[in-house]
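Residue numbers (mature numbering (1 follows the signal peptide of the UniProt record, and there is no 0)): -18 to -1, 1 to 435. Backbone N, C-alpha and C define an ideal beta-carbon position, used for all residues, glycine too. These numbers were taken from a predicted model, which means no experiment stands behind them. Accompanying notes for the structure given below.
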Ligand SMILES: *[C@@H]1O[C@H](CO)[C@@H](O)[C@H](O)[C@H]1NC(C)=O
Ligand SMILES: *[C@@H]1O[C@H](CO)[C@@H](O)[C@H](O)[C@H]1NC(C)=O
């Protein structure tokens, strides 16, 4: 059969050139908008908080990030000289890190006319700090973002006008609730929040937030950053293997504020039940007064030894601890859907929550007499193992790998940034196709954008 090898070569050549025709960047080209440094890198100078007299270092909401957190493009310093994957990450510098990751993406378009989406590298939550920390600026908090809007309208206005802003997206390192105050009269302004998400000029942008409002059309939640940022596939696999074989003698763990609340709520019920137990059924890691900030060992070690990690709402429904738990293979226990299921649909498939988490309605616990510990004690061991295995399968989707990661890792898993960008591109495609078809009303009918895996 002398022709056979030749045929094989022909087929191979055909296959290769076929691949060349399929443009891997089709529909995925991102233009990074060039902004003056006052909208991003200059804002990193807020670190240290020296300029804000009110700042209280124990509370993340009322202080500026410490300057050492700027290391590694906002991931912070490593927790330990020998560790390669763990950092003292301050979530308030997430905007700088996300910017770095977009800069290293494969399909960047230098010319905005070629782009499917426009990334605006504005460090929005850092720019909000003066308004939320300086009492003199309280009445001005409605102007957070106004300078950016003015710049985008004036500088190369065609970029913004091309799709009326529907192809623009940016990241806000915080809860949408903190930036959604009505642009109303000054008397009613709330301390600690701004109106960025209400600015009419930015109304068509997509905002990636760490927590979104339930009905909001313009924002989408992406996972809170944790402290785990591996840069190679073996480092990721080594961690997952450790979480898989870890001995778990603790039944439930709660890491959070350990002061009993004055009114009955789910956190109070958890603390009361745990205080009642003398055995190892329940462990409370006290994270009040910023004790756990930038110290992941404090809660990650106990999480590795626990079977269930409780995720009650705090000041707002979502918490970073949910993602720490998924990474640790500690099955998360949710008390309301707003805690995660109705937030992170691009990263964790909403229809699969039963497979990797436990849902216990908070009303049943606080007012209905349902006991958390005995309910979880009754879950059979093989069920717990199955949920843990599933949580660890999803772990790579909610982690933020380090910038400059190995090609092997980049090709093996989509991490939280990759999935966020995929989600944004899907959404922008939906909106721009509605515009192009001359049916702009169609883009307000929010299709279900969640992933189904
Ligand atoms: C937002 O989009 C709508 C519909 O395309 C358009 O009418 C409106 O002018 C846009 N707003 C801004 C500020 O560009
Ligand atoms: C604490 O234990 C007592 C005695 O077993 C029980 O009656 C009570 O309901 C428990 N309290 C909580 C909050 O679980």
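| Check | Outcome |
| --- | --- |
| Residue 427: buried (16+ other C-beta within 10 angstroms of its C-beta) or exposed? | exposed |
| Could you name the residues of the same chain whose beta carbon sits closer than 6 Å to that of residue 39, not counting the 5 residues immediately before and after it, in chain order? | Reliability of the predicted coordinates at residue 39 is poor, the pLDDT of 47 falling under 50, and no value is obtained from them. |
| Say the cut is 6 Å; is the CB of residue 185 nearer than that to a heavy atom of ligand 2? | no |
| Reducing DSSP to helix, strand and coil, say where residue 264 ends up. | strand |
| By the DSSP assignment, the alpha helix (DSSP H) with residue 238 in it spans what residues? | From DSSP, residue 238 is part of no alpha helix (DSSP H) but of the beta strand (DSSP E) over 232 to 238. |
| What is the DSSP secondary structure of residue 250, counted as helix, strand or coil? | helix |
| Can you name the residues that DSSP bridges to residue 99? | 12 |
| Straight-line CA distance for residue 142 to residue 206? | 29 Å |
| Which class does residue 228 belong to by DSSP, given the choice of helix, strand or coil? | coil |
| Quick check: the Cα distance between residue 27 and residue 387, rounded to an integer number of angstroms? | 27 Å |
| Residues in its own chain within less than 8 Å of residue 293 by CB, not counting five upstream and five downstream? | 301, 303, 304, 307, 314, 315, 316, 317, 321, 322 |
| Is any heavy atom of ligand 1 found at a distance shorter than 6 Å from the C-beta of residue 147? | yes |
| Taking only three categories from DSSP, how would you classify residue 399? | helix |
| What's the gap between the Cα of residue 374 and the Cα of residue 290? | 13 Å |
| Hey, residue 367 and residue 209 are a contact pair by Cβ (cut 8 Å); roughly how many whole angstroms apart? | At roughly 26 Å, the Cβ-Cβ gap does not stay under 8 Å, so residue 367 and residue 209 are not in contact. |
| How would you call residue 140, buried or exposed, if buried means at least 16 neighbouring beta carbons within 10 angstroms? | exposed |
| So which residues put a beta carbon under 5 Å from any heavy atom of ligand 2, going in chain order? | 254, 255, 258 |
| Using the rule of at least 16 other Cβ atoms within 10 Å of the residue's Cβ for burial, across every protein chain shown, is residue 172 buried or exposed? | exposed |
| Residue 13: which of 403, 257, 431 sits nearest, CA to CA? | 403 |
| CB residue 190 to CB residue 153, shorter than 7 Å? | yes |
| For the alpha helix (DSSP H) containing residue 357, list its first residue and its last residue. | 354 to 359 |
| Beta carbon of residue 422: closer than 6 Å to some heavy atom of ligand 1? | yes |
| Given this structure, state the Cα-to-Cα distance separating residue 158 from residue 379, to the nearest angstrom. | 22 Å |
| Kindly indicate the opening and closing residues of the beta strand (DSSP E) around residue 293. | 288 to 293 |
| Can you check DSSP and say which residues form a bridge with residue 191? | 154, 203 |
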